[in-house]
Structure formats: structure tokens, C-alpha cells
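Below: one structure, written as C-alpha cells.
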Amino acid sequence: MAAALQRSITFPPIRIQKLDSYVIHVAKNAVSLKELREAGLEFGRGRGDITRFLERLGVVEVADGVVRLTGLGMRLVSLRELIGVSVYYALFYQRVPQFKLLMEVLRERSAVEREELYKLVNGKLSELSPTAWLNKVAFRTLLQLAEELGAVDRDGGSYRYLGDPVERAVATYYGRHGVKIGQSLYVPPDKVLTRECGREKPPQGLYEVDLRCTVWSLYSIFATT
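First residue of the sequence shown: 67, per our numbering; consecutive thereafter.
As C-alpha cells, this is what we get:
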């Protein structure tokens with residue numbers, strides 16, 4: 067489930083490396099909340115800030131104090147092994163409305179100062195829900211995650227959008243495993259990220275893949291219903 071537009075949104079002050087380490091740790095074994103704290107992968111009250119955040123995004127579930135990946139979480143990990151941490155960008159973009167708004171505002175401008183960006187994002191939020199707003203701690207967290215994922219660049223106090231990290235990651239992945247002939251890109255069957263975005267080309271047995279379709283397909287995995 068996506069994070070709803072509440073009156074004030076709080077996001078844990080985390081870095082993508084910590085979030086990724088948490089997810090990979092849980093992917094290896096179902097672990098208790100206590101074990102996550104002992105491993106330095108959780109903080110905050112109760113279940114912990116990271117656990118609550120990933121529960122809201124539908125990545126993990128907790129039962130009897132044990133944390134496990136959901137089906138969506140397992141898809142996330144599988145894709146992370148193929149295209150790297152850029153997959154978290156698709157997750158946040160589809161399931162955190164505040165993150166999506168932040169990226170949309172940055173895409174509309176060549177560069178923007180942080181304070182102006184903060185006001186613009188909250189202005190967009192108020193258009194969607196008059197009582198919704200993003201506090202500064204949450205804003206800085208989302209902006210930091212976007213920067214770490216390579217979606218934005220910071221120059222002093224100014225930020226600019228660098229493009230879609232998922233699109234770059236898919237292009238890099240297929241460039242590493244495939245061959246380009248003319249305007250078409252071909253990869254072995256076991257390197258196809260999404261079957262619906264490729265078609266087999268006999269007799270070589272390679273697949274011609276569509277980059278744009280693949281990126282759209284990856285985003286659709288994390289779309290809310």
C-alpha cells in the first residue's frame with residue numbers, strides 16, 4: 067500500500083545503504099525485530115522506523131515479532147540483484163506520493179534552491195489535500211534518497227534533476243549483456259528482464275528487447291492497486 071497523503075508525513079532519517087542492507091538481510095532469512103536491532107539495521111520505538119516504513123510500502127510483513135519479505139519484497143530483491151539499487155527509485159516513485167511529487171517538481175525546473183523546492187512540494191501537496199504537508203525532516207530524507215539514487219544532483223543549496231535512474235540502470239544492464247544491431251538491442255533469453263517487453267528472434271534464439279517498455283514494466287510492478 068502506498069503512503070497516504072496524511073496531515074503530516076514522517077519518514078525515518080535513513081540512507082539508501084541502510085535500507086538496502088535491511089532488505090537484503092531479511093531476504094536471506096526471516097529475522098526477529100530484536101535481531102535487526104542487534105545487527106544495527108533498525109532504530110526507533112516499537113517495531114522500528116525502518117520496519118514501519120517498509121511495511122507501509124508493502125515490502126515486509128511482521129508476524130509474531132518476525133520480519134519476512136512479502137511477494138513484492140521478493141520481486142524487489144530479485145530486480146535489485148539485476149539492476150542494482152536503482153530499483154528502489156521505482157518503488158518510492160510508485161508508492162510514496164510525496165517522493166513522486168518531489169521528482170515531478172524537480173523535472174519541471176532546471177535548478178531550484180532547497181527552500182524554494184520545499185515550498186513548491188508542499189504547494190503541490192496542498193492542491194491534492196488541503197491538510198497534507200511534508201515536514202522538513204521528511205523532506206530532507208526524501209531528497210537525500212533521491213540524491214543517493216542518482217536522480218538529483220546538489221550544487222551547494224541548489225538541486226537539479228538528472229534523469230530516471232531506472233532507465234539508466236536498464237540501459238546499462240542490457241548494454242552489458244546484449245548486442246546492438248542498428249537501432250535494435252538483442253540479449254540472451256536468460257537476460258531478459260521482462261518477457262512482455264521482448265520478442266524472440268530465431269534462429270539465433272536471442273530476444274529483441276524494448277528499453278522503454280521494460281522501464282514501464284518495472285514501474286508497473288510497484289504500482290498500487
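Backbone N, C-alpha and C fix where the C-beta goes; we use that ideal spot for every residue, glycine too.
> What's the C-alpha gap between A177 and R226?
Replying inline: Start at 1 with the first residue of the sequence shown, and residue 177 comes out as number 111. Start at 1 with the first residue of the sequence shown, and residue 226 comes out as number 160. Straight-line Cα distance between these residues: approximately 4 angstroms.
> How should R73 be labelled, buried or exposed, when 16 other C-beta atoms within 10 angstroms of its C-beta is the threshold for buried?
Replying inline: Indexing the sequence shown from 1 puts residue 73 at position 7. With a pLDDT of 49 at R73, under the threshold of 50, the modelled position of this residue cannot be trusted, and the question is left open.
>> Quick check on the DSSP output: the beta strand (DSSP E) that includes K246 runs from which residue to which?
In response: As a first step, residue 246 must be located in the sequence shown, where it is residue number 180. Boundaries of the beta strand (DSSP E) around K246: 245 to 247.
> How should M67 be labelled, buried or exposed, when 16 other C-beta atoms within 10 angstroms of its C-beta is the threshold for buried?
Replying inline: Indexing the sequence shown from 1 puts residue 67 at position 1. Since pLDDT at M67 reaches only 45, below the 50 mark, its modelled position is unreliable, and the value read off the structure follows with that caveat. Counting C-beta atoms within 10 angstroms of its own C-beta, M67 has fewer than 16 neighbours from the protein chains shown and is therefore classed as exposed.
> DSSP state of E127, grouped into three classes?
Replying inline: Numbered from 1 along the sequence shown, position 61 holds the residue referred to as residue 127. Residue state, collapsed to three classes: strand.
>> Strictly by DSSP, which residues pair up with K267?
In response: For this step, residue 267 is matched to residue 201 along the sequence shown. Its beta-bridge partners are L272.
> For Y227, which residues does DSSP report across the bridge?
Replying inline: Taking the first residue of the sequence shown as 1, we reach residue 227 at position 161. Y227 is bridged to V218.
> If you count every other CB in all the chains shown that lies within 10 Å of the CB of T207, and 16 or more means buried, which is it?
Replying inline: Position 141 of the sequence shown, counted from the start, is the residue given in the question as residue 207. So T207 counts as buried.
> So, using beta-carbon positions, are V253 and Y273 closer together than 7 angstroms?
Replying inline: By one-based count along the sequence shown, residue 253 stands at place 187. By one-based count along the sequence shown, residue 273 stands at place 207. Yes. Within cutoff.
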